[in-house]
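Each remark here refers to the structure printed beneath this line.
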Amino acid sequence: MTYRPPSYSSTAGKQEITLLVLLGVISIILWHSPYGGYLLYPFSILATWFHEMGHGVAAMGFGHDFERLVIFPDGSGYALHLATGEPSRLAQASIAAAGLLGPTAAGTALILASRTHRATKAALILLGAALLGSTLIWVRSITGWAILPAMGALCLALAFYGREQHRRFAVQFLGVQGCISIYRDFGYLFSQGGYMEGRAQASDTQHIAEALFLPYWFWGGLITAIICAMIFFALRRAHRR
27 MTYRPPSYSS
37 TAGKQEITLL
47 VLLGVISIIL
57 WHSPYGGYLL
67 YPFSILATWF
77 HEMGHGVAAM
87 GFGHDFERLV
97 IFPDGSGYAL
107 HLATGEPSRL
117 AQASIAAAGL
127 LGPTAAGTAL
137 ILASRTHRAT
147 KAALILLGAA
157 LLGSTLIWVR
167 SITGWAILPA
177 MGALCLALAF
187 YGREQHRRFA
197 VQFLGVQGCI
207 SIYRDFGYLF
217 SQGGYMEGRA
227 QASDTQHIAE
237 ALFLPYWFWG
247 GLITAIICAM
257 IFFALRRAHR
267 R
């Protein structure tokens, strides 16, 4: 029997998955450390931006007016959108679900983009432009103004002046932050709501339950399954690099 060493693509794929998982584990550990939350604070704000932009973009897709995006210092936020008439139940449920799926969708897209040099650079340019553009058009909070443009400018600087390995690591790190944001929001998925700035606020899964049928915990479980499938797909594609 002759021995055949593993192919380069197989070895690179395993190294890719190892790095992505390691980044995720380190991030989770930092969240639980005394000062780790401060280090990851800008990325928590980015995850909130992904979430609220998911609501806003979905609302525009259903013909609503996306009025503003507000992010509070504690990382919570909301996207205000207005409809000319009574929105359909499907529209209400879809807009609510888009916010929950937004961070993971963005994270998996970034991870997949890191597989090629051209896509990595394009992802940084697109993300940087989106951060800067959305801040000018929709963001209406000091926290958003302070963090989002700086992150957008950094993405553009890396895209045009950074080394390839730095660009790739940045895209992968940002992608992992988007994917594991579900870890911080897991309780939110399976709750009826809470308080934001002292006001009672229904959770997105509760909004889905009110618009359609079945309880909020069913939709929390379904969305969790979809998120896990998205992450699995991204890791599988990364393995095929």
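When the letters of the sequence shown are read in order and numbered with our numbering, they come out as residues 27 to 267. Quick reminder that beta carbons are idealized off the backbone N, C-alpha and C, glycines included.
query, result
"For Leu66, which residues from the same chain have a beta carbon less than 6 angstroms from its beta carbon, with the 5 sequence-adjacent residues on both sides left out?", "Leu56"
"Among residues of its own chain, excluding the 5 on either side of Ile121, which ones have a beta-carbon nearer than 7 angstroms to its beta-carbon?", "His81, Ala84, Ala85 and Phe88"
"One question on the structure: do Ser140 and Gln198 come within less than 8 angstroms of each other, judged by their Cβ atoms?", "yes"
"Could you tell me the alpha carbon to alpha carbon distance between Phe259 and Ile137, rounded to whole angstroms?", "10 angstroms"
"Taking all protein chains shown into account, do 16 or more other C-beta atoms lie within 10 angstroms of the C-beta of Tyr242, making it buried, or fewer, making it exposed?", "buried"
"Is the beta carbon of Thr134 sitting closer than 8 angstroms to the one on Arg194?", "no"
"I need the straight-line Cα distance from Asp91 to Gln41, nearest angstrom please.", "44 angstroms"
"Using DSSP with H/G/I as helix, E/B as strand and the rest coil, what is Phe216?", "coil"
"May I ask which residues mark the beginning and end of the beta strand (DSSP E) holding His90?", "No beta strand (DSSP E) contains His90, which DSSP labels as neither H nor E."
"Rounding to the nearest angstrom, what Cα-Cα distance links Leu46 and Glu112 in this structure?", "43 angstroms"
"Write down the C-beta distance between Ile173 and Pro68 rounded to the nearest angstrom, noting that I regard them as a contact closer than 8 angstroms.", "5 angstroms"
"Does Leu240 come out as helix, strand or coil in the three-state DSSP assignment?", "coil"
"Find the nearest neighbour of Ser167 within the set Glu78, Tyr64, Pro60 and Val96, judged by alpha-carbon distance.", "Val96"
"Could you check where the alpha helix (DSSP H) with Tyr64 kicks off and where it finishes?", "Gly62 to Leu65"
"Compare the C-alpha of Leu127 against each of Thr250, Leu261 and Gly50 and name the closest.", "Thr250"
"Closest to Met177 by CA distance: which of Gln227, Gln191, Gln218 and Leu152 is it?", "Leu152"
"Ordered along the chain, which non-local residues of its own chain (more than five positions away) have a Cβ less than 7 angstroms from that of Gln118?", "His233 and Ala237"
"Within the continuous alpha helix (DSSP H) that includes Gly128, where are the two ends?", "Arg115 to Ala139"
"Is the beta carbon of Gly204 closer than 8 angstroms to that of Ala73?", "yes"
"Which residues bound the alpha helix (DSSP H) around Gly178?", "Ile168 to Tyr187"
"Is His107 buried or exposed, if buried means 16 or more other CB atoms sit within 10 Å of its CB?", "buried"
"For Gly50 and Ser207, what's the separation of their Cα atoms in angstroms?", "10 angstroms"
"Tell me which residue opens and which closes the alpha helix (DSSP H) that Pro154 is part of.", "The sequence as given places Gly at residue 154; Pro does not occur at that position. Per DSSP, Gly154 belongs to the alpha helix (DSSP H) from His143 to Ile163."
"Per the DSSP calculation, Leu108 is bridged to which residue(s)?", "Asp91"
"How is Pro31 classed by DSSP in three states: helix, strand or coil?", "Low per-residue confidence applies at Pro31: pLDDT is 40, beneath 50, and the placement is therefore not dependable enough to give any value."
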